Every structure is written in structure tokens, then in C-alpha cells.
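Undergrad: Residue numbers (this note's numbering): 38 to 1282. We treat Cβ as the ideally placed atom computed from N, Cα and C, and that holds for glycine. Since we're looking at a predicted model, the values are computed, not measured.
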């Protein structure tokens, strides 16, 4: 019976429970705040009209945000500032210059705004696409602050700026409700903008391209479009919509103000999140929700007493709810690796550094007057606040925009419970801020990246209006703070020491610096210990950290608490510094520069806090010291924003940058090699593991049952049944291989076995215990450990620290077996696996083979009973593969059960005791390697046939190339070939003097430093059909990416028609006649069939020709022309991808895995179409796993195994070799008389 935990997933249950809680809170608020006014038709009409007007403004702003995010991937926190600035530009045109209203609007919205958007995209945002999320955030916040500063410099904030409403105060009545004309204009404009956007996006090629970029930017390039142009247009549109929102909002406000107007438009973020940052209509709906909510509270609710400020918190509350409940908010992502390791100073260096800081503070205290003393003190206090972000954002990658809120609570706690200024009150402030940090972290703990930043932003705004504005907190005024007393000494008072006179405030500076140094040493000590390593692991790879047994929730909660304590302590000190504190000191806008300048200084190092603090305070000091200097005033206003924008070019920060420069200078003077070169020379798989023995696995509680049991497991993704009632047992000491073609469900089943994917049906047992629905860290605690197909080492940590992270998490289990402390365990594993030479090397610098070994070493540090390995031999050399296999056999001999998912059949057939074969989510065969290799069902799954047809070099006798197989009565083929069977002569094979159309010459290529292709050479002549065959993971798709210009080789040359393509953009190749049918259904799922086909027009064909040819070749597509491509069946999606390729008459066609996941009948019909176009002289390179159908149409075949071409020649000969090559047997080159002259050089393995 299906368990309730599977029928209702954890996420859905939480969502429903949270929705009920929110609904209950809203009901209570309405009941408590109801004004008691009668609900009349007139009141309802007024509420609706006002709500729609406000909602239109928010909707327009949100649509602009969605457009820019969807096409560039950058969430624009500066959207509000752009709207604010352009509202001032409109004021300049309309009021200062005196232009007519319509002229001012047109100049602002259609000229100034697009220019501004293009300049922002070209000058800033285009460089942020691949930047870390923190850098993207800081740059957009920097742009926001820069625009606010520029507006304050251009338009004096002390002077009133008012925009007159459209048509003044005139309007008309609807019943007894007065409707001013300016609100009619607002509503009409909002609707018109939506309609115009609809027309642009759905009825123009530019709009279709913009929507295509949202779905798949890479596929857009393969159609010949230029995503950069679409992105630039989107930013121009986004700026225009921000301008409209700013202008309309300014009419609702009494006067223009940079801060107020910026934050009003920021409130539209909630509407964008409701739209999941994708849907423009839903963005407008989200805006209406905000507008109607605000109008409802204004018309029907009464806020008095302590809740006077509550209405201002409504947009923030909606944003907070949206990020928690909108499904796409819970996205998973892998943090982009840092370019450098986190620098942890030695204890001696840290002590010397802080001692020097204290000495500098003492010198300043003795020599500066009170005014300058306060500026230096402000530097230390600012660094204190930034210090709270180092572990949170720098190490754990948890972005918080609410740190100023924690500082404010610390200040309040110091005033309220600080023992009248006693120094012990600082500890109270720190302690009482920790629960606030937990409250902030609790609901948002499952969020990441932008969504976490938005949740903390909403939290800061909520705290500002619902907590700080309370009469018993700060209210509308300030609270007086008593002076600080340190064990009876008033540190603010002047004093003398050793004959040196210290001014008022000198003692406070020295005390603050000493306290900062103490806390800084604690932070560094934490970074060196297990918790600090755990946070870095969380940042580098959350999935790997979870599979080691780390509770991500508890770890995040812990770092939020640690950060809150430091922020609370800094808040207590700030209270003494200000002498009186109020809400304005702790508003959101006051806190944003802390994160911005910390990232500029260096977010992961304590030294970066000092650099960031100096940079931030200097701007205030310049403004104060030179109030009449216009240049310095501008510099003070614009400086933080400009520096924040600049961080996009140097995301590691100033401190790290300068430390690296010093290190380079030292190496140059000493003639030493850089660390990465030294690492490369001294790493590799080793045989010294025989010198020592690992401790035995922990004893099992239930030895009568398998270590792991999967029972009738099924997993669905929407309508796709990825795994269908699979059962699997893992026995102690047994190595089981899990194999299958692409899309078979191997990774999904692997994820189910490790808790990373919850099954829709079935049970999971570990050591006899039902653990269905458990989390990955709970599986790890039960003795399961895994590696990943994509390397998931903690790149910022050394090899030793990678292993210590795992050993620390399981210290109790190791202690129970008497194996020793975690550091002893780590050294034992390092010695056993031969990693001594690289133990102190940063894992990111390791060669692939050694990094794979580190993953295994880290898994062993959890003392596993079961080891699950995903593609463990990927990237290994032949000798490393043999050594690795011997290592796994040794581990199995200790009683560890091992499950291996692998594409290297030679490796897995020689390693495993038992093989399980999946196809289409079902187990089709089990047995020994020898049994599986000859199983007809396995041969059919891998080759597309039971084996007897794999070697056929041509079509069956009496069958033309274009014949469509017979259909049952009442049906018709899904595809038609241009020339019917038997009417066209067979296309002659290209001779040796025919020009070469495609060539790879000595090419090596790969990803992330791992070469997938290894020195391959291949030529395809004009008019030839070449089939590149090989098992999963052989490098076939990588070769195609190199030929299409999507991937730059690390070595060798790729050429098309004799011309090297290095540096030529893919879209230019496509426009020149290259066409690519990519792997995995190359369609835009949220575009209709017709719009997908229209994307082919960039190659020069007209819409009419494209549609006519496509629907002729594939009549079924014509019947579904208005259907979304994502709703088509797999076969229909592949037809659509083929149709788009064929409709533009390409000269060269590259096809990647045409048969993936399709029924044999569909595959046969698609290859009939391919055979038909091949007769027209088209050059075709087909990358394929299934041999049977492709070899029928091929002129030549190449066999690609483990990144090397082992044979290139007659398709029939390749067919004879392919079975053994795929399933791990020996495949040798045939006798010379069976081999025709190859069309190009052949690279032997």
C-alpha cells in the first residue's frame, strides 16, 4: 500500500499547512482591524478602482523585472531605482523644462529609458551571467545605490519635486464614486502595456526569440538567433516599464523622493515572484493582488495605536509569503566555485594582525580630535557588523539583506535590558538577538540564492514596520542610551595614561577595537574547526554535504545563530555610539551598503571587513569634511554604488586580490612555481594503499537481510514514469553494476536509493529498517555513502579537510569502533589511498583521477556499510581505472556492499559480481556479466535490435531508402519522405576527391578540466552520412558540440568546409548552413509548435516555407500546430526538432541521439526521413547509441569508446564490432580486406 508520506510529498504537506496558517493569520488580522464601516456598492467600487490602478503600476514594474530576469538570468534589485531615476527625468522634462505631458512621457519612456537599459546591459549586466549569485546581487544593489546617489546629486533632496497629475484633479463619477482621470490613464496604460507586450512576444520574431531565450538560451543559439540582442532589448523594455511605474507612482505620492520611490517599486518584487519570474500575465496578476490588498486595507480596515505602520508592511508580507510558497522558489543549485581558496591565517599571523589593529586604534585615540575619533570608531563598528556576514555569506553562501535588523534588535536589547550601560549588557544583546536570527532563518531555511535574499529583505521591511515602529520599541522617536561602563569605568570620558591625554570617546574606540579583535579571533578559530569546514562544504556542494550525513537545515540554522550573535553584539555597541537610537538607524536601505562593501573588501575573510568598513566610512567622512565641495559630494553619493558595480569584475574582493599579488611577487622573487603547477606534478592514483588497512565497517544490526532493499519502487515526473516497479537488493561484500541506455532511469533509481529522490510508490529498507521518505543525511547516518557523476569535491578545501568533514560528522560511529579521533581517521584513509602527496592541496586543483579518489576517500570517512558510486571511472586513464577497480575489490572484501552506475562496460564487466540492466525505467535483465552480455533484451536496449541486424550495412533487400514501414489498418505514417520508395537512385558514396565538409584533427575537449575527447581525428566528406557510435559517456555529444562551435577544444582543430571554426560564434555557423538537432528533444517547451518552427527563420527561410515543408514532412505536427511543445509526446518533440532543422535547407546536418527515449517504430520512421534527405546530397553526421537504424542509412561509421575513435570505416564492419564494444567484450579491428579506405585519419585506442 502506498504510504501517506508518498501520496502527499513533504513539500506539498508543508505548503498546505503553511497556507492554512497564513489564511488563519489573515482572518484574525481582518477581524481585529475591521473598521466597522458599512460595505456598500460604492465602497466596493472605490476599493476595486483604486486597487486596479495601484495593481497596474505594480504589474508594469513586475513585468519589467520578469522580462530582464528571464532573458539575462540576473535579478535586478535596481529596478526600483531605475524607475525612480526616470521619474525624476520625467519631472525634468515636464516641470523644469515645461514640455507638454505627452512629449515628456514619450521622451522618458521611449528614448531615455531604452537608452538607459541598453547602457546598463552592455556595460554591466552582460558580464554577470556566469558570476556568483552574491556578485550579481551586489552589483545590482550597487547600481541601485548609485542611481539613488546620482538622483540626490542632480536633484537636491531638500527641495520639493512634485509631478502634476494627468488632467489635474478632474475626473468623473461612477455612481457616488469619483474616478480621477489620472487613475483612468494608469489603468488604461497598464492594460495597453500588457497587450503590447503580448503582441511583441507572440507575434514578432524578436518576441518569439525573447521567449525562446527564457526556455533554453543554448538552443536559441543553435537556431541562429543572437540571445545577446534579445537580452539587450529586454533590458530596454524593462527600463521603459520601470519608467512608467515610476511616473505613475509619483502621481500617487505627494512629492518625489529617491529612497521612498525606490522602495515603493521594490514592493513590486512580490508580483514578480508570484509570476515565478517567468510569466508576464501572472506578473500583472501579482501586481493586481498587491494593489487590491492595499486598497482593501485602506477602505475597510482601521490601523490605530501600535499598528499604525502596519499597512506599509503589506507588500513585504506578500513578498515573504510568495518566496515561501511559490514552487520555483525552492530551486536547487550548485554554487559556482571560488577562484581561490578561503584564506585562513595562522594563529600567530592573526594575533599579530589584531595586535597591530589595536596599536593603530590606540595611536588614533591619542592623536585625533573627537570628530575624527568618531569616524575611526565608526570604521571599527562597521567592520563589526560586516564580521557577522563573513561566516553567513562568505563561508556558507547564505545571502542576508536583514543584517541591519539584527543590529537594530541588539541595540534595542542593549537599551532595554543592558543593566543601565553595564558592559555585561552587550552579552545580553548578543544572546537575545540569537532567537531573532532563528526566527529569520526558520521559514526561509530551505531557500537559496535570490529567493533567500528576497526573503531576508522582506523580513527586514516587516521588522521595520511591525517591530521597530512599536511604541514600546523605538516608536516614532529615539531611545536614549546610557553611557558604557566597563566594570565601573566610563569609557566615553577623557582620560590620561602614561602622561598621554586621550580625548572623549578614545576609550570607547580602544575598547571596541579590542572586542572586535577578540570576536575576530573567535571567527578565525571557528573557520579552522569542524563547523567552519562544514560551512564551506555547504557552500561548495550542498548535495555532497547532505550525503555525508550533514543536516543542511541544522547547519544553516547554526550559522544564522552565530551570525546573529555577532550582529547583536555590534548593535549593542552601535547603541552606545549613537547615544540615541530609532527606527531610521536600522532601515533596509541603511543596511544594504554593509553587504555591498564587504563583498568589495572580501566576503570570506576577516581582513575584508576592515577594507570594506574603511571604504564605506570614507564616503561619509568626505561628505562631512568637505560639505561645500561639489566633486567630493558627488563622489560620496555615487562612490558606494560605483564600487559595488565594479565588484562584478573582481568577485573575490580587494583583500584577496592584493594578497594574491603579494604572493605572486614573492614567488617571482624566489623563483617558485604557482601552487596549481606543483599540485599537477605530484598527484595521481597510487598503489601504496597496501601499506595500511582501514578500520572495518560498522557492524550491522540485521545480518539476515540485505544491506539495502528496494521494493517495487516507482518514480513519476509529471506524466513520465521514470522508474517502474523496480526491486533491487544490495548484499554485504557484493559489487553490483547498474547499467542501461540513456534515459533508462539509472540516475533516478540511484537517487532513490540514497534518499535524494522520494519514490511515488514502493519501499526502501536499510538494514531491515523501512526508511522510505527519509532525508539524504539520514541515509548517510544509516551507513550509506555515495559519489557523484559530476565531481562534487569541496573545491575550496584541501584533500585532508574534505575527508575530515566526513569524519567529523561520524565521530561517534568511529568512536564506538575504537578507531580514534576524526583527524586520525582522515590520516589513515589518506595513507590507505595513497593521497599523502596531495593531502594539503586544494581539491579544486587536482587532476580528475585523484579527485575521484578523494570522493571515495571522503565517502569511506563516513564508515559506510554501503557504497554507491556514480560514474566512478569517468575521466580516469586506463591505468588509473585498473588501480581503482582493485581498490573497490579490496573494499568489497571488507564487507562493504557496492552499487556502481557506469558507462565504461569494460570496467564494470570486469569488476562486478552481478549486473542489473534498466531500460525505460524497468529491469530487463539481471545476472552475471557473462549472462548479461549475451542477453537479447540487453542487446536490443543498447543497439536497437536483438543483435542479428546490428551488422547490416545497408537497407534490407528490396527496400528503398525512403520506404515507410507498413502500418496497421486505419493508421498512417507520422512522417513522409520527399521521394517515394523506388523512384530515386541510390546516392553514390563520396569518393576520395570529394571536398571534406567536417573535420576534427587531433581534438581533445571536455568540461571543468576533464577531457572527455582524447586526441581524436575524423573527416566527413561532402554529401556523406557518417554515424558516430559508442556507449553512454563515450564522448559522442561532446564531439558534436565541438563541431558546432558550442565547445572550444583544449587541443586540436575543428573545421567546416576546410575553414577552422575556432572563435566563430555558433549562430554565425548556423546562418551559414550548419544545422544541429541537439540531444534530449531540442524544443522550446513553452512555445507552440508553430513558434518553435518560426525560430528556424534565422537561417534565411521565410515563415511560410518553413511551415509548409515542416507540415509536409511531418503531418502530425500540422494537427498540433497550436499546442505547446512541452505537451507533445517524446516522438513528436523529436519530429519537431527534425522539422525545424530540415525546413531551412541546410548544407550540413548534425544530429545528436535521434532515438533517445523513443519507441522503435518512431525511431524507424525518423530514420526513414533522414534517409530521404540524405539522397539529396546533404552532409550528415549522426551521433547515436542505437546502431541498427542509423547504420542502414550511413555511408561510414566511427566507433567512439572512452573518448577515442577506435575504428572508422564501413558501416557493416562497425556493426560487427559494436556489440562487444558496448557491453565490455573485446573489439578488434577487422581484417584488412573487410575495411574500405577510411574517409579520414583513424585514432587507435
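1. Tell me residue 1096's beta-bridge partners as DSSP assigns them.
2. Using only CA atoms, which one of 1097, 1122, 763, 1188 lies nearest to residue 1074?
3. On the CB-based measure, 16 or more other CB atoms within 10 Å of its CB, does residue 393 come out buried or exposed?
4. Give, in chain order, every unbroken run of the alpha helix (DSSP H) that is at least 4 residues long and sits entirely within the stretch 892-952.
5. At which residues does the alpha helix (DSSP H) containing residue 1061 begin and terminate?
6. Which term fits residue 1079, buried or exposed, when burial requires 16 or more other beta carbons within 10 angstroms of its beta carbon?
7. Can you tell me where the beta strand (DSSP E) with residue 210 in it begins and where it stops?
8. Going by DSSP, what residues sit across from residue 1123 in a beta bridge?
9. In three-state terms, what does DSSP make of residue 715?
10. Hey, residue 680 and residue 176 are a contact pair by Cβ (cut 8 Å); roughly how many whole angstroms apart?
11. Could you tell me the alpha carbon to alpha carbon distance between residue 455 and residue 476, rounded to whole angstroms?
12. So what does residue 1048 bridge to, in DSSP terms?
13. From 390, 349, 424, 313, pick the residue whose C-alpha is nearest to that of residue 488; which is it?
14. What does a CB cutoff of less than 6 Å around residue 262 pick up in its chain, not counting 5 residues either side in sequence?
15. Quick check on this structure: which residue in 531, 655, 121 has the alpha carbon closest to the alpha carbon of residue 303?
16. Three-state secondary structure (DSSP) at residue 71?
17. Would you kindly check if the distance between the Cβ of residue 467 and the Cβ of residue 605 is under 8 Å?
18. What whole-angstrom Cβ distance do residue 1058 and residue 1033 have, given they're in contact under 8 Å?
19. Could you name each continuous beta strand (DSSP E) segment of 3 residues or more that falls completely within the stretch 525-558, going from the start of the chain to the end?
20. Rounded to a whole number of angstroms, what is the C-alpha to C-alpha distance between residue 1089 and residue 1038?
21. Run the CB neighbour count on residue 458, radius 10 Å, all protein chains shown included, and call it buried at 16 or more, exposed below.
22. Return the chain-ordered list of same chain residues with a C-beta closer than 8 Å to the C-beta of residue 443, the five sequence neighbours on each side being excluded.
23. Quick check: residue 1127 and residue 1159, are their CB atoms within less than 8 Å of each other?
24. For the beta strand (DSSP E) containing residue 517, list its first residue and its last residue.
25. May I ask you to list the residues that DSSP assigns as paired with residue 1187?
26. Can you tell me whether DSSP reads residue 1170 as helix, strand or coil?
27. Considering Cα atoms alone, identify which of 918, 916, 925 is closest to residue 1283.
28. If the criterion is Cβ atoms closer than 8 Å, does the pair residue 338 and residue 67 meet it?
29. Please check the pair residue 327 and residue 308, which I expect to be a contact at CB under 8 Å, by giving their CB distance rounded to whole angstroms.
30. Would you mind working out which of 73, 646, 496, 821 sits nearest residue 334, comparing C-alpha positions?
31. Would you tell me roughly how many angstroms separate the C-alpha atoms of residue 878 and residue 612, rounded to the nearest one?
32. Are there 16 or more other CB atoms within 10 angstroms of the CB of residue 1229, so buried, or fewer, so exposed?
33. Assuming contact is defined by CB atoms lying nearer than 8 Å, are residue 542 and residue 411 in contact in what I supplied?
34. Run through DSSP, which three-state label would residue 795 get?
35. For residue 909 and residue 937, I'd like the C-alpha separation in whole angstroms.
36. Start and end of the alpha helix (DSSP H) containing residue 1143?
TA: Reading from the atomic positions:
1. 1093
2. Of 1097, 1122, 763, 1188, the smallest CA-CA separation from residue 1074 is found for 1188.
3. exposed
4. At a cut-off of 4 residues, the continuous stretches assigned as alpha helix (DSSP H) that sit fully inside the stretch 892-952 are 915-930, 942-948.
5. Unbroken run through residue 1061: none, as it is neither H nor E.
6. Residue environment analysis places residue 1079 among the buried positions, since at least 16 neighbouring C-beta atoms fall within 10 angstroms of its C-beta.
7. 208-211
8. Its beta-bridge partners do not exist; DSSP assigns none.
9. Note that residue 715 has pLDDT 42, beneath the 50 cutoff, so the model's placement of it is unreliable and no number is given.
10. That pair is no contact at about 10 Å.
11. 22 Å
12. 1043
13. 313
14. 246, 1135
15. 121
16. Look at residue 71 here: in three-state DSSP terms it is strand.
17. yes
18. The pair is a contact, with the Cβ atoms about 6 Å apart (cut-off 8 Å).
19. 532-534, 537-539
20. Roughly 6 Å separates the two Cα atoms.
21. A residue is called buried once 16 or more other Cβ atoms fall within 10 Å of its Cβ, and residue 458 is buried on that count.
22. Cβ neighbours of residue 443 beyond the five flanking positions: 425, 470, 473, 474, 477, 600, 601, 604, 605, 608.
23. yes
24. 515-517
25. 1113, 1218
26. helix
27. Beyond the ends of the chain as shown, which are 38 and 1282, falls residue 1283; an answer cannot be given.
28. yes
29. 6 Å
30. 73
31. 45 Å
32. Burial of residue 1229 is indicated by the presence of at least 16 other C-beta atoms within 10 angstroms of its C-beta.
33. yes
34. The answer is coil: DSSP assigns residue 795 none of H, G, I, E or B.
35. 8 Å
36. 1140-1150
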